[in-house]
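A.B. asks: Just dropping this structure here.
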Amino acid sequence: MGGAFVAVADDPSAVFWNPAGLASGQPAGATIEWVRFRNGDRNGTPAVGRWQRSAKFVSLGTWPIGLSHASFDETVLEADAASGLIARRFSTRHYGATLLQTLTEGLVVGTTLKYVRGTVAAGPVTEASSGEALGAGAARDGVTHGVFDLDASAMFDARVFRIGWTLRNLRSPTFEGSPGTAIELERRSRIGLALLPADGLIFAVDLDLDTADLPGGPSRMVAVGAEHTLWSRLAVRGGARWNLEGARTVVGSLGASFALRPGAWLDGHVTHGRAQGERGFGLALRAGW
Numbered sequence: 001m002g003g004a005f006v007a008v009a010d011d012p013s014a015v016f017w018n019p020a021g022l023a024s025g026q027p028a029g030a031t032i033e034w035v036r037f038r039n040g041d042r043n044g045t046p047a048v049g050r051w052q053r054s055a056k057f058v059s060l061g062t063w064p065i066g067l068s069h070a071s072f073d074e075t076v077l078e079a080d081a082a083s084g085l086i087a088r089r090f091s092t093r094h095y096g097a098t099l100l101q102t103l104t105e106g107l108v109v110g111t112t113l114k115y116v117r118g119t120v121a122a123g124p125v126t127e128a129s130s131g132e133a134l135g136a137g138a139a140r141d142g143v144t145h146g147v148f149d150l151d152a153s154a155m156f157d158a159r160v161f162r163i164g165w166t167l168r169n170l171r172s173p174t175f176e177g178s179p180g181t182a183i184e185l186e187r188r189s190r191i192g193l194a195l196l197p198a199d200g201l202i203f204a205v206d207l208d209l210d211t212a213d214l215p216g217g218p219s220r221m222v223a224v225g226a227e228h229t230l231w232s233r234l235a236v237r238g239g240a241r242w243n244l245e246g247a248r249t250v251v252g253s254l255g256a257s258f259a260l261r262p263g264a265w266l267d268g269h270v271t272h273g274r275a276q277g278e279r280g281f282g283l284a285l286r287a288g289w
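Each residue of the sequence shown is one higher than the one before, counting from 1 in this note's numbering.
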């Protein structure tokens, strides 16, 4: 759905997209997810701005508690005055506990207390291709330390529409690597609207409320998407997101979900940008009771 999930997510993956969304789903559930993204030609000459990202996510959710573990890995090729080009790696491991509170009918707030271990590493690029350089950078050891952080969220569910809001990384922790190398886990805020005009049909839009400083340049995204359940065992979805800052890149996505058995789903999606833009795919297993 192009990433428009802030007002949509109502399974245990909501502890990432919008923790308060847990209250709109089934009483209990679990999710396992894996995604990978990259840009550019992996066989081309290493160049500034090439990157790869991957994430793994496991979550359990009930009313009103959720538990989660997530790992995020990013490797970027950057300019360096001393060596010309370096591969910089930033990896985080998140261990979270989510609590929900109903304020009034349809309005729920949630917070996730998380312990985050971050690793920062950097080194010169000597490989012949971008793919090899990124792979070597991703395997490089670095400096690791841990901090506590918080996410906050809210969801208003009026049945025919939902409004969601989330604020991640309230403390904006900074992780330091070798001297002169430090990366901030930036505070990010997002709002979303979902329309549910009929059973099995969802339209959604998300908007970033702030601008992030990412390796490819400033990023402030708007995402739109739709999902349609064709029958009890198959749902399809699609969407796009575009950057309101910098290069204003556009990325499209398509996905589907197949019911393996009642209450258990296999999800898959692909993303594709223009020319040397973003490429990605992901798989997930969801179960609800």
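Each residue gets a CB set at the ideal place from its N, CA and C atoms; glycine is no exception. Being a predicted model, the structure only gives us computed values, none of them experimental.
1) Which residue spans inside the stretch 54-97 form an unbroken beta strand (DSSP E) run of at least 3?
2) Nearest to A87 by alpha carbon, out of A122, L103, G106, T112?
3) Do T112 and R89 have their beta-carbon atoms positioned less than 7 Å apart in this structure?
4) Cutting at 8 Å between CB atoms, please list the residues of its own chain near L234, excluding the five before and the five after it.
5) Can at least three beta-carbon pairs, one atom from the stretch 94-109 and one from the stretch 64-75, be found at a separation below 8 Å?
6) Quick one: Cα of G282 to Cα of A139, how far?
7) Going by alpha carbons, who is nearest to S54 out of G61, T45, R38?
8) Look at the alpha carbon of G164 and the alpha carbon of F16, and state the distance between them as a whole number of angstroms.
9) Less than 7 Å between the C-beta atoms of D213 and R190, yes or no?
10) From what residue to what residue does the alpha helix (DSSP H) around A256 run?
11) My assumption, with CB atoms under 8 Å, is that R117 sits in contact with T144. Please give the rounded CB distance.
12) Given this structure, state the Cα-to-Cα distance separating N43 from E78, to the nearest angstrom.
13) Can you name the residues that DSSP bridges to E278?
14) Provide the residue span of the alpha helix (DSSP H) that contains L134, from first to last.
15) Can you look up S172 in the DSSP assignment and give me helix, strand or coil?
16) Of the residues A23, G131, A30, T211, which one's Cα is nearest the Cα of W289?
17) Please classify F5: does DSSP put it in a helix, a strand, or coil?
18) On a Cα-Cα basis, can you pick out the residue from L134, I32, I65 that is closest to K56?
19) Helix, strand or coil for L209 per DSSP?
20) With DSSP as the reference, please indicate the residues paired to L214 in a beta bridge.
21) Count the CB pairs spanning the stretch 155-163 and the stretch 131-138 that are closer than 8 Å, and state whether there are at least three.
22) Among the residues of its own chain, which have a CB less than 7 Å from the CB of G142, if the five just before and after it don't count?
23) Taking E245 and R220 to be in contact with their CB atoms under 8 Å, please state how far apart those CB atoms are, rounded to whole angstroms.
24) Below 7 Å CB to CB, which residues in the same chain sit around A284 once its five sequence neighbours on both sides are set aside?
25) For V35 and V125, what's the separation of their Cα atoms in angstroms?
26) Which whole-angstrom value is the C-beta distance of V108 and A20, which I expect to be below 8 Å?
27) If we call anything under 7 Å between Cβ atoms a contact, is A23 one with L100?
28) In chain order, what residues of the same chain have a beta carbon less than 6 Å from the beta carbon of L196, not counting five sequence neighbours either side?
29) In whole angstroms, what separates the C-alpha of A223 from that of N243?
30) If distances are taken between C-alpha atoms only, which option among A240, R248, L60, P179 comes closest to F5?
C.D. replies: Quick look at the numbers:
1) 65-80
2) Locating residue 87 in the sequence shown gives position 87, where the first residue counts as 1. The shortest Cα separation from A87 among A122, L103, G106, T112 belongs to A122.
3) On the sequence shown, residue 89 is found 89 positions in, with the first residue counted as 1. On the sequence shown, residue 112 is found 112 positions in, with the first residue counted as 1. Taking 7 Å as the Cβ cut-off, R89 and T112 do not qualify as a contacting pair.
4) Here residue 234 corresponds to residue number 234 of the sequence shown, with the count starting at 1. So the list reads A256, S257, F258, A259, once near-sequence residues are dropped.
5) yes
6) Mapped onto the sequence shown, residue 282 falls at position 282. Mapped onto the sequence shown, residue 139 falls at position 139. Going from the Cα of G282 to the Cα of A139 covers about 21 Å.
7) Sequence index remark: in the sequence shown, residue 54 carries index 54 (1-based). Checked all of G61, T45, R38; the closest Cα to S54 is R38.
8) Along the sequence shown, one-based indexing puts residue 164 at 164. Along the sequence shown, one-based indexing puts residue 16 at 16. In a straight line, the C-alpha of G164 is about 13 Å away from that of F16.
9) By one-based count along the sequence shown, residue 213 stands at place 213. By one-based count along the sequence shown, residue 190 stands at place 190. For D213 and R190, no; Cβs fall outside 7 Å.
10) Your numbering for residue 256 matches position 256 in the sequence shown. Per DSSP, A256 belongs to no alpha helix (DSSP H); it is in the beta strand (DSSP E), 250-261.
11) Here residue 117 refers to the residue found at position 117 when the sequence shown is read from its first residue. Here residue 144 refers to the residue found at position 144 when the sequence shown is read from its first residue. Contact holds; Cβ gap of about 6 Å.
12) Counting from one through the sequence shown, the residue named residue 43 turns up at place 43. Counting from one through the sequence shown, the residue named residue 78 turns up at place 78. Using only the alpha carbons, I get a separation of about 17 Å.
13) Here residue 278 refers to the residue found at position 278 of the sequence shown. Looking at the DSSP assignment, E278 forms a beta bridge with N39.
14) Translated into the one-based positions of the sequence shown, residue 134 becomes position 134. Unbroken alpha helix (DSSP H) run through L134: 130-138.
15) The residue labelled residue 172 in the question sits at position 172 within the sequence shown. Note: S172 maps to coil in three-state DSSP.
16) Translated into positions along the sequence shown, residue 289 becomes position 289. Of the listed residues, the one whose Cα sits closest to W289 is A30.
17) Numbered from its first residue, the sequence shown carries residue 5 at position 5. It is coil, neither helix nor strand.
18) Your numbering for residue 56 matches position 56 in the sequence shown. For the residues L134, I32, I65, the minimum Cα distance to K56 belongs to I32.
19) Within the sequence shown, numbered from 1, the residue matching residue 209 stands at position 209. Three-state DSSP puts L209 in coil, outside helix and strand.
20) One-based indexing of the sequence shown puts residue 214 at position 214. Paired residue(s): G217.
21) no
22) Against the sequence shown, residue 142 aligns to sequence position 142. Counting only Cβ-Cβ distances below 7 Å, and skipping sequence neighbours, we find R89, T119, V120, A121, G177.
23) Reading the sequence shown from its first residue, position 245 is the one you call residue 245. Reading the sequence shown from its first residue, position 220 is the one you call residue 220. Sure, about 5 Å apart at Cβ, within 8 Å.
24) Here residue 284 is taken as the residue at index 284 of the sequence shown, counted from 1. The answer, listed in chain order, is T31, I32, E33, D267.
25) Locating residue 35 in the sequence shown gives position 35, counting from the first residue. Locating residue 125 in the sequence shown gives position 125, counting from the first residue. Looking at the two C-alpha atoms, the distance is approximately 25 Å.
26) Your numbering for residue 108 matches position 108 in the sequence shown. Your numbering for residue 20 matches position 20 in the sequence shown. Contact flag correct, Cβ pair sits at about 5 Å.
27) The count along the sequence shown starts at 1 and reaches residue 23 at position 23. The count along the sequence shown starts at 1 and reaches residue 100 at position 100. Yes, Cβ-Cβ distance for A23 and L100 is below 7 Å.
28) Locating residue 196 in the sequence shown gives position 196, counting from the first residue. The residues are V160, I202.
29) Position 223 of the sequence shown, counted from the start, is the residue given in the question as residue 223. Position 243 of the sequence shown, counted from the start, is the residue given in the question as residue 243. If you take the alpha carbons of A223 and N243, they lie about 9 Å apart.
30) As a working note, residue 5 is residue 5 in the sequence shown. Per the Cα distances, A240.
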